[in-house]
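The listed protein sequences derive, respectively, from chains A and B. The C-terminal residue of the first sequence carries number 288 in our numbering, and the numbering is unbroken. The C-terminal residue of the second sequence carries number 354 in our numbering, and the numbering is unbroken.
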Amino acid sequence: MSLIVGLPALLALLLIGLWAAAALDTAIGRLIVGRPVGMAATDPLRAVVADYLRQRTDTEAPDHLNWLLAPGYYFLLAVVGLALVPFAPDQSLIALDTSVVLWGAAEAVVVVAVFLHGWSPNAPFPLIGAYRYVAIGLPVMLLSMFVLIAASIPAQSLDLRAVVESQRGLWNVIRQPLGLPLFLAVVMSLTLRGPFDYADSADLAGGTSAEDGGPRWIAWQTARAAMLVAACAIAATAFLGGYLGPVLPGWLWLSLKTLAVMVAVVLLTHLVPRMPVAQMLTLIWIVLLPIAFLDLLIAGLGAL
Amino acid sequence: MTMTDVAFYLLSGFAIWTGWRVFRVDSMIRATFLLLLSFTSVGLIGLLLSASYLGAATIFMMAVEMMVMGLFMVMFMMNPAGLNPMMMVHQHRLSIVAGLLIFAAMTGAVLLTPLPSDPVAADRPVLRDLGIELLGDSMLIFETAGVTLLATMLGAVVLSSRRGRFGPTDAGSVPPGLSAGGPPAGRQPKGGGSHGGHGGHGGHGGQGGKGAHDGHGGGGSHGGHGKNGGDGNHGGHGG
């Protein structure tokens, strides 16, 4: 797949994905609290314009460079993730035989990007959000590691293209029923959402983005939505057979499955409450990690 | 030069530049993440040189490691944000000599070693070979190192988590008294939760003279008086 054709196509898909993510989030959020859905499709765009016109604020002695770069890192990692996703047999923008490992690396750098975004304004709430997120984000990444290794066992390869091909007979979501639910938790943690939003939550007045105003706010929220698109596409690829499907073209199947995962994630975002940090840490280490081990065991026994 | 060559030189240059910046910035967090950028460039070079697993794993491991390291440094150095400027280099003479010696030794080793020119065949299963190596002949070495590191980590957590700065944490550690056997130093938490001292402070500096002064206090009801507050008419205007 050549970069000249592939990259614009990918960015176009990402733009559509961004809009879909924002519209879904608005619509489902309103439905759940019982408000009329209204113009959920265009309200996010209006919000972008309104935020752009809003007063720009600054803090005392921030690290301007890192404050500027953090949303860029976050967005770039989302683009890398999306570029690893195959949308037809043997067709992905980054052709790498260890794409699962590279996605893991991108997940690890997400924690760094969110931390830098909270650290650089030099203000209390963003900093608390940053520290809290590291405490939760790092163990959640362990979940992702085990779940994705389990998904690549049937393929006998760390290549997402091979992982999709290995699901021709049976999707991983059925073969490894514990995998997708755990990965949904990972997606929520990567995108700072709902029960795993320890970085940007309302209890910290917006956490790492508490001091963001105007363009900074737009950039950070866009990067968050981009990461949602990328992580959902990875979930659809690793567990729902990616581009596999009858009649329709592969890229359309992939988009539909990505959308389905996105709906699930947005529903969970608005329906599941957030626990205190200490309880969440206990849940991750005592409950979720052993379940991830079990998932790995099931995958291993299945391969034998 | 192919695209790979260009990317190699760019990434190498970036790795060296960020590595140098680590010692020139004034904050632990900046130094930590510049080091991460340097390692990431090296990892990307690994991806270019068909070491696809080692390259990606380098980025992965270094991101987690630098994140944890940065956090722990900030915690131990009691510089809560890591934003406070601080000197990142110490013992200048010793470090300069040691740095030059190590640079000479490593450069010499690279230049004097007859490096093999043995390009990897495109169809060679590099990943599989690495796996066989890690879990075959070298398994004892890696497992020994792994178990040793795990034991070290557990030991470090056990040692550091119980014995706090002022005694065992599970015994309710308090700072020592200012006099021998006296009550613990520092401010004692008071009951009732009232916050004294946060009333409105009318702000009169030290230049009170004759005439009417208006204290522009926030929410309080009294004007503050500077030490030279004379016989004027001081009115505190509460917000």
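Think of the CB as a built atom: it goes at the ideal place given N, C-alpha and C, for glycine as much as any other residue.
Can you check DSSP and say which residues form a bridge with Pro299 of chain B?
Within the second sequence, the letter at position 184 stands for residue 299 of chain B. Note: Pro299 of chain B sits in a beta bridge opposite B:Gly292.
Of all the residues that make up the region 95 to 125 of chain A, which are near chain B by a beta-carbon distance shorter than 8 Å?
Val95, Val96, Phe99, Leu100, Trp103, Asn106, Leu111, Tyr115, Val118, Leu122 and Met125
What separation, rounded to the nearest whole angstrom, lies between the Cα atoms of Val95 of chain A and Pro55 of chain A?
What you label residue 95 of chain A is simply residue 111 of the first sequence in a count that begins at 1. What you label residue 55 of chain A is simply residue 71 of the first sequence in a count that begins at 1. Approximately 12 Å between the Cα atoms of the pair.
Measuring alpha carbon to alpha carbon, tell me which residue in A:Leu(-5), A:Ala62, A:Thr43 and A:Asp9 is nearest Thr192 of chain A.
Against the first sequence, residue 192 of chain A aligns to sequence position 208. Out of A:Leu(-5), A:Ala62, A:Thr43 and A:Asp9, A:Thr43 has the C-alpha closest to the C-alpha of Thr192 of chain A.
If you draw a straight line from the C-alpha of Phe148 of chain B to the C-alpha of Met188 of chain B, how long is it?
Sequence index remark: in the second sequence, residue 148 of chain B carries index 33 (1-based). Sequence index remark: in the second sequence, residue 188 of chain B carries index 73 (1-based). Straight-line Cα distance between these residues: approximately 13 Å.
Amino acids of chain B, ordered along the chain, whose beta-carbon sits closer than 7 Å to that of Ala62 of chain A
Taking the first sequence and counting its residues from 1, the one referred to as residue 62 of chain A is at position 78. Going along chain B, no residue has its Cβ under 7 Å from Ala62 of chain A, so there is no contact; the nearest lies around 16 Å.
Among A:Gln39, A:Leu243, A:Leu127 and A:Pro105, the one whose alpha carbon lies nearest that of Glu91 of chain A:
Sequence index remark: in the first sequence, residue 91 of chain A carries index 107 (1-based). Among A:Gln39, A:Leu243, A:Leu127 and A:Pro105, the Cα nearest to that of Glu91 of chain A belongs to A:Leu127.
Considering Tyr227 of chain A, what are the terminal residues of the alpha helix (DSSP H) in which it resides?
In the first sequence, the residue the question calls residue 227 of chain A occupies position 243. Here Tyr227 of chain A belongs to no alpha helix (DSSP H), and DSSP marks it neither H nor E.
Neighbour list for Thr41 of chain A in chain B, Cβ cutoff strictly below 7 Å:
On the first sequence, residue 41 of chain A is found 57 positions in, with the first residue counted as 1. Within chain B, no residue comes near Thr41 of chain A; the closest Cβ sits about 18 Å away, beyond 7 Å.
Ala130 of chain B: contacting residues in chain A (beta-carbon distance under 7 Å):
Working through the second sequence from its first residue, we reach residue 130 of chain B at position 15. Result: empty, since nearest Cβ-Cβ is about 16 Å, beyond 7 Å.
Anticipated Cβ contact below 8 Å, Val93 of chain A with Ala178 of chain B, distance rounded
For the purposes of this step, residue 93 of chain A is taken as the residue at position 109 of the first sequence. For the purposes of this step, residue 178 of chain B is taken as the residue at position 63 of the second sequence. That belief holds up - the Cβ atoms of Val93 of chain A and Ala178 of chain B are roughly 5 Å apart, short of 8 Å.
What in chain A is Cβ-close to Leu249 of chain B, meaning under 8 Å?
In the second sequence, residue 249 of chain B corresponds to position 134, counting from 1. Per Cβ cutoff of 8 Å: no residues; Leu249 of chain B is ~14 Å from chain A at best.
Residue(s) in a DSSP beta bridge with Gln75 of chain A
Residue 75 of chain A sits at position 91 when you count from the first residue of the first sequence. Note: Gln75 of chain A sits in a beta bridge opposite A:Ala72.
Fully enclosed by the region 167 to 208 of chain A, which beta strand (DSSP E) runs are 3 residues long or longer?
none
Val84 of chain A, enclosing alpha helix (DSSP H) - first and last residue
As a first step, residue 84 of chain A must be located in the first sequence, where it is residue number 100. Per DSSP, Val84 of chain A belongs to the alpha helix (DSSP H) from Ser83 to Trp103.
Would you kindly check if the distance between the Cβ of Ala25 of chain A and the Cβ of Ala7 of chain A is under 8 Å?
Taking the first residue of the first sequence as position 1, residue 7 of chain A is located at position 23. Taking the first residue of the first sequence as position 1, residue 25 of chain A is located at position 41. In contact: Ala7 of chain A and Ala25 of chain A (Cβ atoms closer than 8 Å).
Starting from the Cα of Met181 of chain B, find the closest Cα among A:Ala34, A:Gln75 and A:Ala89 and give me that residue.
Within the second sequence, numbered from 1, the residue matching residue 181 of chain B stands at position 66. Of A:Ala34, A:Gln75 and A:Ala89, the residue nearest in Cα terms is A:Ala89.
Since Leu238 of chain A and Ala215 of chain A are thought to touch, with beta carbons under 8 Å apart, how far apart are those beta carbons, to the nearest angstrom?
By 1-based counting over the first sequence, the position of residue 238 of chain A is 254. By 1-based counting over the first sequence, the position of residue 215 of chain A is 231. Contact doesn't hold; Cβ gap of about 14 Å is too wide.
Rounded distance between the beta-carbons of Leu(-6) of chain A and Ala67 of chain A, thought under 8 Å:
Locating residue 67 of chain A in the first sequence gives position 83, where the first residue counts as 1. Locating residue -6 of chain A in the first sequence gives position 10, where the first residue counts as 1. That belief holds up - the Cβ atoms of Ala67 of chain A and Leu(-6) of chain A are roughly 6 Å apart, short of 8 Å.
Please report whether the beta-carbon of Ser309 of chain B lies at a distance below 8 Å from any beta-carbon of chain A.
Taking the second sequence and counting its residues from 1, one reaches residue 309 of chain B at position 194. Only weak support is given to the placement of Ser309 of chain B: the predicted model assigns it a pLDDT of 43, under 50, and the value that follows is read from those uncertain coordinates. Chain A, which has no Cβ nearer than 8 Å to the Cβ of Ser309 of chain B, makes this no.
Any idea what DSSP makes of Thr228 of chain B, helix, strand or coil?
For the purposes of this step, residue 228 of chain B is taken as residue 113 along the second sequence, with counting starting at 1. In the structure shown, Thr228 of chain B sits in coil (DSSP, three-state: anything other than H, G, I, E or B).
Using a 10 Å radius around the Cβ and a threshold of 16 neighbouring Cβ atoms, would you call Ala260 of chain B buried or exposed?
To locate residue 260 of chain B, count along the second sequence from 1; it is residue 145. Its Cβ having fewer than 16 others within 10 Å, Ala260 of chain B is exposed.
Taking Cβ positions only, does Leu142 of chain A come closer than 8 Å to chain B?
As a first step, residue 142 of chain A must be located in the first sequence, where it is residue number 158. Judged by the 8 Å Cβ criterion, Leu142 of chain A is in contact with chain B.
Taking Cβ positions, are Ala209 of chain A and Leu2 of chain A nearer each other than 8 Å?
Reading the first sequence from its first residue, position 225 is the one you call residue 209 of chain A. Reading the first sequence from its first residue, position 18 is the one you call residue 2 of chain A. Leu2 of chain A sits close to Ala209 of chain A, with the two beta carbons spaced by under 8 Å.
So for Gly161 of chain B, helix, strand or coil by DSSP?
Reading the second sequence from its first residue, position 46 is the one you call residue 161 of chain B. Helix.
Decide if Val245 of chain A is buried, meaning its Cβ has at least 16 other Cβ atoms within 10 Å, or exposed.
In the first sequence, counting from the first residue as 1, residue 245 of chain A sits at position 261. It is buried - the Cβ of Val245 of chain A has at least 16 other Cβ atoms within 10 Å.
Reduced DSSP secondary structure (H/G/I, E/B, other) of Val212 of chain B
Residue numbering aside, residue 212 of chain B sits at position 97 when the second sequence is read from its first letter. Three-state result, Val212 of chain B: helix.
Using three-state DSSP, classify Gly317 of chain B as helix, strand or coil.
Start at 1 with the first residue of the second sequence, and residue 317 of chain B comes out as number 202. Confidence at Gly317 of chain B is low in this model, with a pLDDT of 39, below 50, so the placement of that residue should be treated as unreliable; the coordinate-derived value is given next. Coil at Gly317 of chain B, not helix or strand.
Arg116 of chain A: buried (16+ other C-beta within 10 angstroms of its C-beta) or exposed?
Your numbering for residue 116 of chain A matches position 132 in the first sequence. Arg116 of chain A comes out buried.
So, Ala171 of chain B versus Leu162 of chain B, is the Cβ gap smaller than 8 Å?
Residue numbering aside, residue 171 of chain B sits at position 56 when the second sequence is read from its first letter. Residue numbering aside, residue 162 of chain B sits at position 47 when the second sequence is read from its first letter. Yes, the pair counts as a contact, with Cβ atoms nearer than the cut-off.
Chain A contacts from the region 228 to 247 of chain B (Cβ-Cβ distance under 7 Å)
Leu242
Neighbour-count burial assignment, Ile131 of chain B, 16 or more Cβ in a 10 Å radius
Counting from one through the second sequence, the residue named residue 131 of chain B turns up at place 16. Result: exposed.
Residues from the region 132 to 166 of chain B in contact with chain A, defined by Cβ distance under 9 Å
Ser142, Ile144, Arg145, Phe148, Leu151, Thr155, Gly158 and Leu162
Inter-residue spacing [alpha-carbon to alpha-carbon] between Ile202 of chain A and Met118 of chain B
The residue you call residue 202 of chain A lines up with position 218 of the first sequence. The residue you call residue 118 of chain B lines up with position 3 of the second sequence. Looking at the two C-alpha atoms, the distance is approximately 35 Å.
DSSP-derived helix/strand/coil call for His205 of chain B:
For the purposes of this step, residue 205 of chain B is taken as the residue at position 90 of the second sequence. Coil at His205 of chain B, not helix or strand.
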